[in-house]
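Student: Structure provided below as structure tokens; questions to follow.
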Amino acid sequence: MLQEAAQSPELASTIQKIGAGAFGAVVGWYVYYINRYRKDDVQLSDIVTLIGAIGGAAVLALFPNKTDLFGAYGIGLAAGFFMYFFILIVLVNKAPGFNSSWFIDGRGPKLEATQELIQGGKGMGAAPQIED
Amino acid sequence: MLPFLGAIGFGLVFGWLLGLYDIKPERLPAALTSLSGASVAGVAVTAWLGGLSKTAPFSVAALVGLYVHSQWRSELRKRYPKSTNP
Chain A
210 MLQEAAQSPE LASTIQKIGA GAFGAVVGWY VYYINRYRKD DVQLSDIVTL
260 IGAIGGAAVL ALFPNKTDLF GAYGIGLAAG FFMYFFILIV LVNKAPGFNS
310 SWFIDGRGPK LEATQELIQG GKGMGAAPQI ED
Chain B
2 MLPFLGAIGF GLVFGWLLGL YDIKPERLPA ALTSLSGASV AGVAVTAWLG
52 GLSKTAPFSV AALVGLYVHS QWRSELRKRY PKSTNP
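Chains as they are written, first to last, in my numbering: chain A, 210 to 341; chain B, 2 to 87.
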């Protein structure tokens with residue numbers, strides 16, 4: 210259906226544009242997620258990979274050149290990406306003991322006496338590095 | 002209008018991602034070459050998807066994204082210097 214719309218871009222319906230935008234939002238959200246859980250310092254290859262993800266083969270196949278669908282995708286991409294960032298800022302600033310310094314290098318409060326890191330335990334991110 | 006806004010969206014995300022790339026003074030030439038290469042790739046993708054006319058809003062948005070991100074990081078580093086505790 211999207212490809213049909215691309216052949217006559219002026220006929221792209223509202224629902225198709227919403228779909229393209231929503232798809233972009235999911236990709237944008239995920240791009241931020243992938244970047245957040247990157248283990249090493251950012252390399253050029255990471256950026257090139259992300260460019261591939263943003264404007265990659267699937268996108269080229271779905272949203273042919275110069276159509277409104279491409280525009281909706283781009284808007285959704287930015288919305289998803291920056292929505293993740295915005296929600297992260299709100300959550301970090303609301304979490305007790307955390308502040309914006311977390312964004313520099315993941316600084317946080319010390320564990321309390323009743324807390325410990327569990328070997329192999331894993332929250333949303335990578336397992337913690339526990340020194341023996 | 003929609004492709005124009007889409008190019009701006011692409012540019013903001015792209016510029017923000019470029020802002021992650023720390024430039025160390027001892028590797029300045031390599032870093033500049035890398036960033037230039039990535040920028041050419043970004044512009045090429047935008048030109049392919051949105052047309053040549055959309056490369057201008059993309060580039061401006063990318064510069065804005067890059068500037069805002071690097072300023073934000075630099076402000077955070079100033080406000081929260083590295084701890085000197087062992």
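No residue lacks a Cβ here, since even glycine has one placed at the ideal position from N, Cα and C. Predicted model only: the values in this text are computed from it and were never measured.
Within the chosen definition, does the stretch 289-299 of chain A reach the stretch 229-244 of chain A through at least 3 CB pairs nearer than 8 Å?
Tutor: yes
Student: For residue 9/B, count neighbouring C-beta atoms within 10 Å of its own C-beta (all shown protein chains included) and say buried if the count is 16 or more, exposed if not.
Tutor: For the purposes of this step, residue 9/B is taken as residue 8 along the second sequence, with counting starting at 1. Counting Cβ neighbours within 10 Å, residue 9/B comes out buried, since at least 16 surround it.
Student: Quick one: what's got a C-beta closer than 6 Å to residue 318/A's C-beta in the same chain, skipping five residues either side?
Tutor: To locate residue 318/A, count along the first sequence from 1; it is residue 109. If we look at residue 318/A and ignore the five residues flanking it on each side, its Cβ neighbours are 306.
Student: Could you round the C-beta distance between residue 15/B and residue 283/A to whole angstroms and report it? I think they count as a contact, below 8 Å.
Tutor: Taking the first residue of the second sequence as position 1, residue 15/B is located at position 14. Taking the first residue of the first sequence as position 1, residue 283/A is located at position 74. Not confirmed; about 10 Å, so no contact.
Student: Along chain B, which residues have their Cβ under 8 Å away from the Cβ of residue 231/A?
Tutor: Taking the first sequence and counting its residues from 1, the one referred to as residue 231/A is at position 22. By Cβ distance, chain B contributes nothing, its closest Cβ being about 14 Å from residue 231/A, past 8 Å.
Student: How would you call residue 4/B, buried or exposed, if buried means at least 16 neighbouring beta carbons within 10 angstroms?
Tutor: Translated into the one-based positions of the second sequence, residue 4/B becomes position 3. Answer is buried; the Cβ neighbour count reaches 16.
Student: Could you tell me whether the Cβ atoms of residue 20/B and residue 67/B are closer together than 8 Å?
Tutor: Translated into the one-based positions of the second sequence, residue 20/B becomes position 19. Translated into the one-based positions of the second sequence, residue 67/B becomes position 66. Going by C-beta atoms, residue 20/B is nearer than 8 Å to residue 67/B.
Student: Between the stretch 275-293 of chain A and chain B, which residues of the former have a C-beta closer than 8 Å to a C-beta of the latter?
Tutor: 275, 276, 277, 279, 280, 281, 282, 283, 284, 285, 286, 287, 288, 290, 291
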